[in-house]
DNA sequence: TCAACTACGTGGTTATAACCACATACATCT
DNA sequence: AGATGTATGTGGTTATAACCACGTAGTTGA
C-alpha cells in the first residue's frame, strides 16, 4: 500500500508514516476498481468497511422499485462514504453507493473499532478521532440537503443549493458535480421542470449556466 | 453532579463510576433548565458544548425571517443534540435548538476533544468512542428525514414517516412526538393540507389517529 | 459522415399541494 | 362557568410542479 498518496486525507490526519502503515494493516485496507455505473454497495446489505475515494467519484442514492431515485450526496476524490454503516456494522444500508465515473476505492474495515476489542494502540485513537470529524462533517452535509429540499418552489431549492456551493467554493462561477437528472434527484425535483425553471432564472438574470457550469449573478436588489 | 441518573446514557456507556465523574469534571458538565418555547441554542452562533436532555424534549429546527420553520428532528429524554457543532466548535449553527416542553439540559464541553490537547486519559477515548456512535446514529436520523420528505405526495410522506416510527417502536399503535404543525414542518408540508390528507387516509382505512396517537392499519392488499 | 444514443430542453395538460378564510374542538386560567 | 387562547379541521381557489410526448443538441463509435 502506497502511504504517500493518502497521508493527506482527513482520516490519517496527524499520524506518522509508521502509524499510517500500521493502521492500513490493522484496518485491512483493500484497493478496488469500479466501472462507471456500477453499484459498489447495495441498500439492504450490511458492511464493516468504509470507503475512501482514491480516484473518480461516487453518489450516495436510494433507488426504489418504481425507478425513483433520491440522491443524498456526491462523494469526490479523497472523500469518504459508508463510515456510518461501517461503524454500525449491523445496520442495513438505506442507500446504494454508485460509481459516478470509473473509480478506485480504498476500503477500510472499521466495524470493530468502537467495540474496544482491540487494545488501544496509538493509531486506533487517532483514527477514531478523525472518524469523529468525518462523521460530524457528513452530518452537516445531510443537514444541507434537508435545507436545499425545503423550499416549496423550484427556484428556492436551486438558489439554496447553488448559494451553498458558491460559498463553499468561494466563487460565483463553479461546476456542480451533477448532471441535470442528478441535480433534479438531489433537489427532489422532476428533471424537465428543473430545466424550465433554470431557463427562467437565466432570463431573469439571476444565474447563467452551460451544462454543469454555473454562474451566480450578484443580485441587483438591495 | 449525580452520576446515577446518567450512567445509562449512551455517552457514558462502558465507563466506571470513577471515569464518569472524572469525565463530568473534565467536560465541564453544567445543568440548566429551560421553559417551553425557549431557544436553547441559536442559529448563527457557535458552541463548544453539546447537550444531553435530562428532562423534557427539544426540537432541532430552522426558522427563517419569513416565519417558515423546518424541523430536522425531535430530541427526547436521554438523547443528545449539538454534538456536531460542539465538536466542530467554529462551525456556525444552521439550526435553533428549542425547548419543546419545560426541560432540563446537561451541557458537556467537547470542543477540545478531537484536538488531542488533553493528554489521553482512560475516559477521553471512551467518550470519543461513544460520541462516534452518537454521531453516526444522528446521521441515520438525518438520512431518515431526507427519505420521509422525498415522496411527492403528502400521503407518501406520511406513510414513510409513520412506517419508520412504527418499525422503530415495534408496534402499529404509537404516539408521535409532534403536534400537527410540527409534523407538517418535519415532513415539509403545509399544516391544513396535512390535516386533509390524514382525514382521507382515515377514510380509506389506511390509518386511524387521535391527536398525536396513530394506528397503522395492516394494509389489506397483497 | 452517418447512425445510434444520451443529455437536455420545450409545450401543453393535469393533478395536487399551498394558500386563505373560517369553523370547531380543546385546553387553560381566573 | 365563562372567557381567552391554542390546536386542529374544512371548504374553496389558485399557483405550480409533475407528467407526458416530443424535439434538439451534443457525444460516441463504426
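Protein chains in written order, with the working numbering: chain A, 1089 to 1310; chain B, 1089 to 1310.
Note that CB positions come from ideal geometry on N, CA and C, so glycine has one too.
So, residue 1250 of chain A versus residue 1304 of chain A, is the Cβ gap smaller than 8 Å? yes
Counting beta carbon pairs with one atom in the segment 1273-1280 of chain B and one in the segment 1208-1228 of chain B, are three or more of them shorter than 8 Å? Contact annotation: the segment 1208-1228 of chain B does not touch the segment 1273-1280 of chain B, with fewer than three C-beta pairs closer than 8 Å.
Taking residue 1252 of chain A as the reference, which of A:1128, A:1240, A:1120 and A:1230 has the closest Cα? A:1230
Could you list which residues in chain B have their beta carbon closer than 7 Å to that of residue 1238 of chain A, in chain order? 1158 and 1276, listed in chain order.
Cβ contact (3+ pairs, closer than 8 Å) linking the segment 1126-1142 of chain B and the segment 1156-1169 of chain B: yes
Is there at least one Cβ from chain B nearer than 8 Å to residue 1231 of chain A's Cβ? yes
Buried or exposed: which applies to residue 1174 of chain B, given that a residue is buried once 16 or more other Cβ atoms fall within 10 Å of its Cβ? A residue is called buried once 16 or more other Cβ atoms fall within 10 Å of its Cβ, and residue 1174 of chain B is buried on that count.
Measuring CA to CA, which of B:1265, B:1108 and B:1148 is closest to residue 1116 of chain B? B:1108
Expressed to the nearest angstrom, what Euclidean distance is found between the alpha-carbon atoms of residue 1104 of chain A and residue 1217 of chain A? Computed Cα separation, rounded: 15 Å.
On the three-state DSSP scale, how would you describe residue 1247 of chain A? helix
With a threshold of 7 Å on Cβ separation, who are the neighbours of residue 1300 of chain B within its own chain once the five nearest residues in sequence on each side are excluded? 1263, 1264, 1266 and 1267
Are the C-beta atoms of residue 1100 of chain B and some chain A residue less than 8 Å apart? no
If the cut-off is 8 Å on Cβ atoms, which residues from the segment 1164-1198 of chain B count as contacting chain A, listed in chain order? 1171, 1172, 1175, 1176, 1179, 1182 and 1183
Whether residue 1382 of chain A touches residue 1146 of chain A by CB criterion (8 Å): The structure shown does not extend to residue 1382 of chain A, since chain A is modelled only from 1089 through 1310, so no value can be given for it.
Just to check my reading of the structure: residue 1219 of chain A and residue 1220 of chain B have Cβ atoms closer than 8 Å, yes? What is that Cβ distance to the nearest angstrom? 6 Å
The alpha helix (DSSP H) with residue 1284 of chain B in it runs from where to where? 1279-1291
Backbone CA spacing between residue 1295 of chain A and residue 1270 of chain A [nearest angstrom]: 19 Å
Just grab the DSSP bridge partners of residue 1093 of chain B for me. According to DSSP, which records beta bridges pairwise, residue 1093 of chain B is partnered with nothing at all.
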